[in-house]
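For the record, the sequence lines run as chains A and B.
With our numbering as the guide, the letters of the first sequence map in order to residues 787 to 1073.
With our numbering as the guide, the letters of the second sequence map in order to residues 20 to 395.
For each residue, glycine too, the CB sits at the ideal point set by N, CA and C.
Quick caveat: nothing in here was measured; it's all calculated off a predicted structure.
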Amino acid sequence: MSAPAVTEKKEKISVPFDYNKYLRPNKLPHIWCPGCGHGIVLKAMLRAIHNAGLDQDKVCVVSGIGCSSRTPGYVDFNTLHTLHGRALSFATGIKFAKPDMKVIVVTGDGDALAIGGNHFIHTCRRNIDLTVLVFTNATYGMTGGQYSPTTPIGSQATTSRYGSIEPPFDACEMAKAAGATFVARGTAYHTLELEKTILEAINHKGTSVVDIIDACPTYFGRMNKYKSATHMMEVIEKDGTVNVKQADKLPPEKVQGKALRGVLHKVERPEYCEQYESLIMEKAKGK
Amino acid sequence: MSEKKKKLLQGNEACVEGAIYAGCKFYAGYPITPSTEIAEGMSVRLPKVGGKFIQMEDEIAGMAATIGGSLAGFKSLTATSGPGFSLKQEALGYACLAEIPCVIVNVMRGGPSTGYPTGPSQSDIMQAKWGTHGDHPAISVTPAYVQEILTETVRAFNLSEKYRTPVVVLYDEIVGHMREPITIPAPGELEVIDRAKPDCKPEEYFPYDDRYLIAPLAPFGSGYRFHVTGLNHKQDGFPTNDSKVIRENNERIMRKIEDNKEDIWKNEEIFLDDAEIAVFAIGSTARSARFAVEKMRAEGIKAGLLRPLTIWPFPDKAVRELSKRVKAIIVPEMNLGQMVLEVERCSKGAEVLGIHRVDGEPINPGQIIEAIKKFK
């Protein structure tokens, strides 16, 4: 009797990810509600920063005001929690003054697209090398659940008790139209895909915008009759989106009304800080 | 700048010279009359000295990016006028609480609202102190001559770096657009102060270290990883709800200025030793006042001028002492009564009379002479 053939099993050695290297553990617990997706996005962000091989001393995380904008307090980088809507302006100052830093902006949909809408479009237009992560939950969570610039028509919020009548913004379309050179969408549901997308955004030279759909069960969920946080994630993030690569292969009715995930737009265009140094500073020399 | 240079410059151009002299390496702003020449000048000069200029999408972004540039470790400037100064207020308050040094020039034009963009005014004096919400420290310098715009811009940077707080350079459109021959000081001639930087180990660094009245500020990206927020915070920079810490910190940022007023104050006194009637004025109004006082002296009337070059913190001590010696203090100002309230507050004995004008025309010496003669 011959010995049974041994199929060589390649064992995957998974090294546990040391989150504490990038967190400020003594600043936890975070302020986010049970069921909120912000923690999942934070995890994806930290793993992407790690995988990008960035030096913590050279990473700066900047935010505005809102639930998602509390992220910088929990992470061990150069961190700046600014004013409502102005994260991109502060970040532009830091990046432009010190281009060797990797500046990541964490912002919410209200922060980035309403009060900070002007800064959003002009940041994209300049193509300054910032990675902009928009936590899109269609809600002003910090103030208790008002409708935001991404709230779908008809939705309930504390300021739209009769249903919202304002059409929502598509952050990706806006970023693309304004000139961002990397535009992508992810969700808190698709965690591995999100990590990959954020990594690609970090590695992109220029303004990269990742719109991250990330439900707010506490306000949006309860007011709009979602049964639970997981139900909300399934309906909005899983069933409400489709990866852009799959979308091409699906019949139109399967894509209709769904938000596209993945990298939606990627082009090369001169980056602002490099242009300033190579064109303006060079020309000014000796004059 | 190898040696002293004589130049015929406009006030706003002198501001640019002052900023460059002070070592400013970053400017973020937005065009607005009558301060635009500062942005134009900085856009030309900064890249020549290895600095950065950026025209932002609005006034708010200009102020925010200026703070960002400073946090990255560079002396940073922004300039504005009227409506722009209003828009910058929220971020200015951020710089007060987060203790980020930066200089904001406000070339005062007629208000309120869009007002009289090309006309002079001095109606932002109170705004320079109280423009942003919450109790906060304020330093504001008030040059009256083109040469002085240069030197006061340097002093503004020095005070900002020394006290880790925003400083407002406040002058009216007349001084901003006036051309006068000035001397560019040679390097080393004027004192230039740089902010204190930490020399401790990164793990021992606190951006608001409570062992100091003014803690050293590390630039972002220098190996000191720390947190900055506009929320009330502890010495480590992280938000707090601890009422004791909130009170102590709010009081400390005021004390930075209060305890150092003697260092921050700067006054020019003309014929004050034996004066019976004093004039208290800033900017172009002080130039009219000087002319008026000299004319009165020629007529044998004992008039004098107290001209503060620091309006905030208010020179309360100088006014108080003066008020004990003179019959009256006349306060001409291109607004409907701002500095005069402070003079009244500090005055012990002397009668206080305001002269106010908000028609876009300067207060002329004749108006001041007329007032002086009332107390003759």
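Contact criterion: CB-CB distance below 8 Å. Does residue i meet it with respect to chain B?
i: residue 890(A); result: no
i: residue 1085(A); result: In the structure as shown, chain A starts at 787 and stops at 1073, and residue 1085(A) therefore has no counterpart that could be examined.
i: residue 880(A); result: yes
i: residue 864(A); result: yes
i: residue 803(A); result: no
i: residue 843(A); result: yes
i: residue 807(A); result: no
i: residue 872(A); result: yes
i: residue 973(A); result: no
i: residue 858(A); result: yes
i: residue 883(A); result: yes
i: residue 988(A); result: no
i: residue 875(A); result: yes
If contacts are defined as beta-carbon pairs under 8 Å, then residue i and residue j qualify, I think. What distance do you get, rounded to the angstrom?
i: residue 4(B); j: residue 184(B); result: With chain B covering 20 to 395 only, the question about residue 4(B) has no answer from this structure.
i: residue 43(B); j: residue 70(B); result: 7 Å
i: residue 998(A); j: residue 920(A); result: 6 Å
i: residue 186(B); j: residue 178(B); result: 5 Å
i: residue 1019(A); j: residue 957(A); result: About 19 Å separates the two Cβ atoms, so there is no contact after all.
i: residue 116(B); j: residue 159(B); result: With a Cβ gap of about 18 Å, residue 116(B) and residue 159(B) do not count as contacting.
i: residue 902(A); j: residue 850(A); result: 6 Å
i: residue 899(A); j: residue 953(A); result: With 8 Å as the limit, residue 899(A) and residue 953(A) do not qualify as a contact, their Cβ atoms being about 13 Å apart.
i: residue 866(A); j: residue 916(A); result: Their Cβ separation, rounded to whole angstroms, is 13 Å, which puts residue 866(A) and residue 916(A) out of contact at 8 Å.
Assuming contact is defined by CB atoms lying nearer than 8 Å, are residue i and residue j in contact in what I supplied?
i: residue 307(B); j: residue 206(B); result: no
i: residue 882(A); j: residue 914(A); result: yes
i: residue 771(A); j: residue 980(A); result: What the structure shows of chain A is the stretch from 787 to 1073, and residue 771(A) is not part of that stretch, so it cannot be assessed.
i: residue 871(A); j: residue 1000(A); result: no
i: residue 387(B); j: residue 298(B); result: yes
i: residue 305(B); j: residue 384(B); result: no
i: residue 97(B); j: residue 163(B); result: no
i: residue 965(A); j: residue 910(A); result: yes
i: residue 326(B); j: residue 353(B); result: no
i: residue 853(A); j: residue 927(A); result: yes
i: residue 313(B); j: residue 346(B); result: no
i: residue 884(A); j: residue 239(B); result: yes
i: residue 110(B); j: residue 879(A); result: no
i: residue 61(B); j: residue 38(B); result: yes
i: residue 113(B); j: residue 869(A); result: yes
i: residue 315(B); j: residue 374(B); result: no
Flag residue i as yes if its beta-carbon sits less than 8 Å from any beta-carbon of chain A, otherwise no.
i: residue 99(B); result: no
i: residue 24(B); result: no
i: residue 247(B); result: yes
i: residue 20(B); result: At residue 20(B) the pLDDT is 44, less than 50, meaning the model places this residue with poor confidence; the figure from the coordinates comes in the next sentence. So no, residue 20(B) is outside the interface.
i: residue 76(B); result: yes
i: residue 66(B); result: yes
i: residue 215(B); result: no
i: residue 88(B); result: yes
i: residue 244(B); result: yes
i: residue 71(B); result: yes
i: residue 287(B); result: no
i: residue 85(B); result: yes
i: residue 113(B); result: yes
i: residue 80(B); result: yes
i: residue 59(B); result: no
i: residue 180(B); result: no
i: residue 234(B); result: no
i: residue 257(B); result: yes
Which partner residues does residue i have in the DSSP bridge list?
i: residue 190(B); result: 126(B)
i: residue 926(A); result: 932(A)
i: residue 943(A); result: 946(A)
i: residue 331(B); result: 159(B)
i: residue 48(B); result: 74(B)
i: residue 29(B); result: 198(B)
i: residue 888(A); result: 845(A)
i: residue 997(A); result: 920(A) and 971(A)
i: residue 288(B); result: 325(B)
i: residue 350(B); result: 373(B)
In chain C, what lies closer than 9 Å to residue i by C-beta?
i: residue 226(B); result: Looking for chain C here will not work: the only protein chains present are A and B.
Using only the heavy atoms of the ligand FAD, determine whether one of them is closer than 7 Å to the beta carbon of residue i.
i: residue 174(B); result: This structure simply doesn't include the ligand FAD, nor any ligand for that matter.
Report task. Would you check if there are 3 or more beta carbon pairs closer than 8 Å linking the segment 23-32 of chain B to the segment 196-214 of chain B? Result -> yes
Requested in this report: Mind the definition here: the segment 98-106 of chain B touches the segment 138-150 of chain B only if three or more C-beta pairs lie below 8 Å; say whether that holds.
Outcome: yes
Query raised in the report: With contact counted as at least three CB pairs below 8 Å, one residue from each stretch, are the segment 983-992 of chain A and the segment 1007-1024 of chain A in contact?
Result: no
Query raised in the report: Do the segment 342-359 of chain B and the segment 208-224 of chain B make contact, defined as three or more Cβ pairs closer than 8 Å?
Result: no
Requested in this report: Inspect the CB distances between the segment 852-869 of chain A and the segment 893-907 of chain A and report whether three or more fall short of 8 Å.
Outcome: yes
**Report entry** At least three beta-carbon pairs within less than 8 Å, the segment 332-348 of chain B to the segment 130-138 of chain B
**Finding:** no
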